[in-house]
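J.: Add 27 to the 1-based position in the sequence shown for this note's numbering, that's all there is to it. Ideal Cβ placement from N, Cα and C applies to all residues, glycine included. Have a look at this one before I ask anything.
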Amino acid sequence: MVKIPLRARIGRQMQPPPFLAGEDVFESGAQIYREQCYFCHGTPGHDSEYAKRMYPAPPQLWKKHGPRGVVGVSDDDPGFSYWIVANGIRLSGMPSFKGALSETEMWQVSLLLKNADKDLSDPVKAILNPPVR
Ligand code: HEC
């Protein structure tokens, strides 16, 4: 989990999302997540194998943690996750996605993670965990 000084800095620099969450946003976010994030951060019901061999270990963003059973980063503002996706976290495996993803894409994936504790639609779930053939 993100350390306190970094949390404070992000808190000061955080922006509000430029659009609202909704099914389209979640489907686009899930596509991006499946392409860029799942191998470190896992998918609903499936933890990343890779994460166990990284230090610091990438948090599993679909899993409950802590005494309150919070799912992933669903208790953080989407602007908080956006900052991390855009800037990365230094001295960790968390890359910066500025340049690799557009601002819209970074917001889509951040809004998806904000709603990781919700019952997402079947299409979104199928993008995150494609059916095994
Ligand atoms: C190569 C592995 C890797 C990839 C790919 C990756 N991350 Fe991460 N991510 C990490 C690690 C490691 C951390 C934890 C860093 C720390 O604890 O200092 C992290 C932390 C985070 C956090 C903060 C979690 C918290 O507990 O506050 C968020 C949000 C996040 N990543 C989102 C994403 C998103 C969205 C993507 C895809 C666009 C992504 N990451 C891709 C490794 C990765």
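Ends of the alpha helix (DSSP H) at THR131?
T.: 130-141
J.: Rounded to whole angstroms, what's the CA-CA distance from SER119 to SER108? Just pull it up for me.
T.: 16 Å
J.: Using 8 Å as the threshold, is the segment 55-62 in touch with the segment 137-149, meaning 3 or more CB pairs across them?
T.: yes
J.: Which of helix, strand or coil does DSSP assign to VAL29?
T.: It is coil, neither helix nor strand.
J.: Hey, is GLN63 close to ligand 1, as in C-beta under 8 Å from one of its heavy atoms?
T.: yes
J.: By Cβ distance below 8 Å, which residues in the same chain neighbour SER75 in space, the five residues on each side in sequence not counted?
T.: Closer than 8 Å at Cβ, skipping near neighbours: TYR65, PHE66, CYS67, HIS68, GLY69, PRO85 and GLN87.
J.: Taking GLY106 as the reference, which of TRP89, ARG39 and LYS30 has the closest Cα?
T.: Taking GLY106 as reference, the option from TRP89, ARG39 and LYS30 with the minimal CA-CA separation is ARG39.
J.: Measuring straight from C-alpha to C-alpha, what distance separates GLY96 and VAL112?
T.: 23 Å
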